[in-house]
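Structure record follows, encoded as structure tokens.
In the numbering used here, the protein residues as written are 5 to 301.
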């Protein structure tokens, strides 16, 4: 095998498993982390601004780690369990190359794309807008001789918690809201597609079950106003970013939820997965390695 053939073969494997999309999404996470590690724009503020005079709440209702688990871990767990429980036999009658593993890989890729895009956009706006949080003065701990009227800058702050002070200038938009909706609203769309909720005659409980994730995202967003980390506008803008990226990412990999086959990804199943899951032979039969499904002539 020549070097050119090796490169072409490797590229076919990368392309078959959407390698470029994975690299792009992971790169966006790296850029977002870089942006968050740099100081934001420190906007001028006034001590008599009532919008930034709220107390600093140390113990948040939804911490950053909890939000990350809710927006990333929960969707992956739900999608993995669903892919195992979804009856494959009926779907393979219509689509012989339907694959549980491929569905899960594409589903997670769509989720990662949604999260990375939302995080990237949110990080840019947070750092460049430099909007003070509702609890900024409590973070700042201004010197006693600071004038209460007129605009001042962060040089009047006496706090030694510099990271907390910098984070206090990242109010717009809400990262929790954008993160929660980019992950959980994506999961809602995914469940709508996999459970075929838009199909006439589908049980109502499937629709209600599918809407639970987006309800959870809404509660996460609301909690940010209760902790005085964000105002209503911050939360609204963050939510819209998350919803937009979830819609974009879902439709990039899946058809509309109102279509005839909303559960089927656009991408074809790679040949490696076809062999792994026992796809149709010349006589039209298939076998499944876990033995959950029966053979069809």
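Where a beta carbon is used, it is the ideal one built from N, C-alpha and C, also for glycine. Just so it is clear, the structure is predicted and the values come from calculations on it, not from any experiment.
Check your understanding: residue 289: buried (16+ other C-beta within 10 angstroms of its C-beta) or exposed?
Key -> Bear in mind that a pLDDT of 42 at residue 289, under 50, signals an unreliable position, so the model cannot answer this.
Exercise for review: Specify the secondary structure class of residue 146 as computed by DSSP and reduced to three states.
Suggested key: When DSSP states are grouped into helix, strand and coil, residue 146 belongs to the strand group.
Review point. If you check the beta carbons only, do residue 255 and residue 239 fall under 9 Å apart?
Key: No. Outside cutoff.
Check your understanding: Going straight from the alpha carbon of residue 201 to that of residue 82, what length do you get?
Key -> Rounded to whole angstroms, residue 201 to residue 82 spans 17 Å at the Cα level.
Check your understanding: Considering only residues of the same chain and omitting the five flanking positions on each side of residue 180, which have a CB-CB separation below 6 Å?
Key -> Closer than 6 Å at the Cβ level, and outside the excluded window around residue 180, lie 71, 224 and 228.
Review point. Which one or two residues does DSSP pair with residue 49 in a beta bridge?
Key: Beta-bridge pairing links residue 49 to 156.
Practice item. Express the C-alpha separation of residue 192 and residue 177 in angstroms, rounding to a whole number. Key: In this structure, the straight-line span from the alpha carbon of residue 177 to that of residue 192 is close to 22 Å.
Review point. Nearest-angstrom Cα distance between residue 151 and residue 188?
Key: The straight-line gap from Cα to Cα measures roughly 45 Å.
Review point. CA-CA distance, residue 143 and residue 172?
Key: Each residue's Cα considered, the two are about 7 Å apart.
Check your understanding: Roughly how many angstroms lie between the CA atoms of residue 118 and residue 148, to the nearest whole one?
Key -> Roughly 46 Å separates the two Cα atoms.
Check your understanding: Quick one, which of 190, 154, 127 and 114 has its alpha-carbon nearest residue 27's?
Key -> The candidate whose alpha carbon is nearest that of residue 27 is 114.
Point to revise | 7 Å CB neighbourhood of residue 163 in its chain, flanking five on each side removed | key: These residues qualify, in order along the chain: 143, 144, 145 and 169.
Exercise for review: Within the same chain, show all residues whose beta-carbon is closer than 8 Å to that of residue 235, passing over the 5 residues directly before and after it, in chain order.
Suggested key: Correct list, in chain order: 55, 138, 175 and 229.
Practice item. On a CA-only basis, which of 231, 199, 136 and 166 is nearest residue 47? Give me that one, please. Key: Of 231, 199, 136 and 166, the residue nearest in Cα terms is 136.
Check your understanding: Closest by CA to residue 134, which one among 265, 45 and 246?
Key -> Ranking the options by Cα distance to residue 134, first place goes to 45.
**Study point:** From 77, 203 and 49, residue whose alpha carbon lies closest to that of residue 154
**Key:** 49 is the residue among 77, 203 and 49 whose C-alpha sits nearest the C-alpha of residue 154.
Review point. In whole angstroms, what separates the C-alpha of residue 37 from that of residue 67?
Key: Put simply, the backbone Cα of residue 37 is about 18 Å away from that of residue 67.
Exercise for review: Tell me where the alpha helix (DSSP H) around residue 221 begins and ends.
Suggested key: Taken as a continuous stretch (DSSP letters only), the alpha helix (DSSP H) holding residue 221 covers 208–230.
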